[in-house]
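Under numbering that gives the first Met the number 0, residues 0 to 190 are what the sequence shown spells out, in order. The beta-carbon is built from N, C-alpha and C at its ideal position, and this holds for glycine as well. Note that the coordinates shown come from a computational prediction; the quantities given were computed from them, not determined experimentally. Let me begin by presenting the structure, written as structure tokens, before commenting on it.
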Amino acid sequence: MKKSNEKIKNILITGNPGVGKTTLIHRLISKLDVPAGGFYTSEIRDENGRRHGFKIISLNGDEGIMASVDIISKNKVSKYGVDVETIDRIGVNAIEEAIENNKIIVIDEIGRMELFSKRFQDITISALNSPSLVLGTISAKDNAFTKKIKERQDTKIVTLTKQNFAEIETYLERLLLKSEPFSKKIDGSQE
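Here it is in structure tokens:
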């Protein structure tokens, strides 16, 4: 069943690692200039350019190491130990604050590492159910949790590749400008 754009309030970008999902979210949020909260993730690379782990960074600037080859944890993705407490302290708290303040909610990413946190799963569903728009990224590989999210009628899933980056950026910018938080700002600020 095709999703109607009128009901869409959550936009999630999927695609292979390295195609620019986080970059696209940064560009959209800065171009559209509306209050946003939430978090994004960033790779940590060593002096030789090899990936060493991942940081989680709130839009308020709080950051921590979410996963690393140096973290010893029962929760692992590949060679990376996952620090669930850091996900909760930074990611979950940033999403909660965005919901409470009716900001656009950035969730980058709904992926395997983050899903070790039950609090993260719960707050993600709360964000998707909230009146606020969610702009995020979601793992291309499905599990039971991500599959349910991708099937939601109020959620648009957009697949990003290096080849379609510019086209998707333009498409999402237009889609976001039609959404409620942006249209209210535009209607209220026109001269």
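When rounded, the separation of the alpha-carbon atoms in Asn101 and Leu159 is 27 Å.
The beta-carbon separation of Val68 and Gly52, rounded to 6 Å, stays under the 8 Å limit for a contact.
Between the C-alpha atoms of Glu166 and Asn142 there is a straight-line separation of about 28 Å. Taking C-beta atoms as the reference points, Ile24 and Phe38 fail to come closer than 7 Å. Distance from the CA of Asn74 to the CA of Arg50, rounded to the nearest whole angstrom, comes to 18 Å. Nearest in C-alpha terms to Val105, of all of Thr136, Lys146 and Glu42, is Thr136. For the stretch 103-154, the continuous beta strand (DSSP E) assignments of 3+ residues that do not extend past its boundaries occur at 103-109 and 133-137, in sequence order. When the five nearest sequence neighbours on each side are left out, the beta carbons in the same chain lying within less than 8 Å of the beta carbon of Leu27 are those of Leu134, Glu168, Leu171, Glu172 and Leu175, in order along the chain. In the displayed model, Thr40 falls within a strand according to three-state DSSP. In this structure Ser116 is in contact with Ile86, their Cβ atoms being roughly 5 Å apart against a cut-off of 8 Å. Put simply, of Ile10, Lys155, Thr22 and Phe164 the residue whose alpha carbon is nearest the alpha carbon of Glu42 is Thr22. By the neighbour-count definition (other C-beta atoms within 10 Å, threshold 16), Asp107 is a buried residue.
Put simply, the backbone Cα of Tyr79 is about 6 Å away from that of Ala66. Around Gly63, the same chain offers Lys54, Ile55, Asp82, Thr85, Arg88 and Ile89 as residues with beta carbons nearer than 8 Å, after the five sequence neighbours per side are excluded. Cβ atoms of Ala97 and Ser131 come within 8 Å of each other, at about 7 Å.
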